[in-house]
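To start, the structure under review is shown below, and the notes come after it.
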Amino acid sequence: MTKYAYIDKGGTLHVVENKKTAEEYSANGKVVETEIPAERGFPVSKGEGIIVHSPEDMRFSATGGKITPIKEFADLYMALKER
1 MTKYAYIDKG GTLHVVENKK TAEEYSANGK VVETEIPAER GFPVSKGEGI IVHSPEDMRF
61 SATGGKITPI KEFADLYMAL KER
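What the sequence shown shows, in UniProt numbering, is residues 1 to 83, in sequence order.
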């Protein structure tokens, strides 16, 4: 199922089902279609929601330690940052 990715004003990657939501909350106006699984507005890997703050800073929770970056999420983040 197609979803829509965007980066919010705080620099966090989100993946949602509604394109209008993505357009409304995108900090730079850029929205990318994606097939990446998501739950509650965050991309999911191996059943776990991942908070992506940058291509190098990914976490299981807002206060959790960094995890090894997931290439697919890093690539999506970079695509959203490109002008």
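Even glycine gets a Cβ: it sits at the ideal position worked out from N, Cα and C.
Query                                                                                                                                         : Result
Ends of the beta strand (DSSP E) at K3?                                                                                                       : 3 to 7
Taking 6 Å as the line, does the beta carbon of V52 fall inside it for any heavy atom of the ligand PLP?                                      : As for the ligand PLP, it is missing from this structure, which has no ligand bound.
Excluding five sequence neighbours on each side, which residues of the same chain lie with their C-beta closer than 7 Å to the C-beta of E56? : P69
One question on the structure: do I67 and M78 come within less than 7 Å of each other, judged by their Cβ atoms?                              : no
Counting only runs that start and end within the region 16 to 63, where is the beta strand (DSSP E) found for 3 or more residues in a row?    : 32 to 34, 42 to 45
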